[in-house]
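Comments concern the structure below.
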Amino acid sequence: MTQHTGQRIGYARVSSTDQNLARQIATLGQVHRLFEEKQSGARRDGRTALADLIGYAREGDTVVVSSMDRLARSVVDLNQIVGELVAKGVVVEFLSERVTFRPGATDAFAEFQLNIMASFAQLERAIAKERQAEGIRAAKARGVYTGRARKLTAQDLTNAREWIGAGVPKAQVARRLGVDRSTLYRALPLTAMQAGSDAGAADAEI
């Protein structure tokens, strides 16, 4: 392994492969080495970039992370990870919280601060989930929440072809089936869609 001293090491993580790391990376600024991860932070298992980071970091280095929840999603894991790095003589810096943990800072307040801030992060996530659930319940009560778009059955497709062939506008066909037009387009072959006689009228209805 290449020897180094006093490096600034960045760590960026998102929970799934379809999410983008660019914003986090930009927040980190200039670093000597960057570890990127597309993996849930709920558990440490399987987080190879995190393991590589801990193995790479040396005394005198600084690990910089955009926020605490990017490094860990639980107070226990956060304490453990920060503790491992600090024990190696590594500084850990969280940009969003504006908190830095340094080797040798053995006072109880440093650990207390880490616990409190991580707990607040967990609380915020719990509140956000509860608000989302409340919003869904309210939408269901108003009759405007349908959840995932329903899939069209074979009989639905047969009916759709017949209606389109009879000249029923595509928008109206979609409404009859309880789906949006994009779902109808994906489900039916292009030739069936072209069979409708509503080229101008359908678009006018939406």
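Numbering (my numbering), first residue to last: 2 to 207. Every residue, glycine too, gets a C-beta built ideally from N, C-alpha and C.
- Inclusion of Val180 and Leu153 in the CB contact set at 8 Å is warranted, their separation being smaller than that value.
- Below 8 Å, enough C-beta pairs join the region 87-96 and the region 61-71 to call them touching: three or more.
- In summary, Tyr186 is exposed, with fewer than 16 beta-carbon neighbours lying within 10 Å of its beta-carbon over all protein chains present.
- Secondary structure remark: continuous beta strand (DSSP E) runs of at least 3 residues inside the region 24-71, in chain order: 34-39, 63-66.
- At least 8 Å separates the beta-carbon of Gln40 from that of Arg71.
- Of the residues assessed, Phe121 falls on the exposed side of the cut-off, its CB having fewer than 16 other CB atoms within 10 angstroms.
- For Ala73, the three-state secondary structure derived from DSSP is coil.
- Classified as exposed, Val77 has fewer than 16 neighbouring CB atoms from the shown chains inside 10 Å of its CB.
- Residue burial annotation: Asp19 is exposed, with fewer than 16 other C-beta atoms found within 10 angstroms of its C-beta.
- With fewer than 16 other Cβ atoms from the protein chains shown falling within 10 Å of its own Cβ, Glu163 counts as exposed.
- Contact between Leu86 and Ala58 is confirmed by a C-beta separation of about 6 Å, below the 8 Å threshold.
- Secondary structure note for Ala172: its alpha helix (DSSP H) is the uninterrupted segment 171-178.
- In the displayed model, Val91 falls within coil according to three-state DSSP, outside both helix and strand.
- In the DSSP assignment, Arg14 falls within the unbroken beta strand (DSSP E) covering 9-15.
- Straight-line measurement puts the Cα of Met118 at about 9 Å from the Cα of Val100.
- In the three-state reduction of the DSSP assignment, Thr159 falls in the helix class, which pools H, G and I.
- Note that the C-beta distance between Ala50 and Phe36 is below 8 Å.
- Judged by DSSP secondary structure, Thr101 falls within the beta strand (DSSP E) whose first and last residues are 100-102.
- Inclusion of Arg9 and Gly42 in the CB contact set at 8 Å is not warranted, their separation being larger than that value.
- Between the alpha carbons of Leu115 and Arg143 lies a distance of about 42 Å.
- Pairing Ser68 with Glu98 gives a Cβ-Cβ distance under 8 Å.
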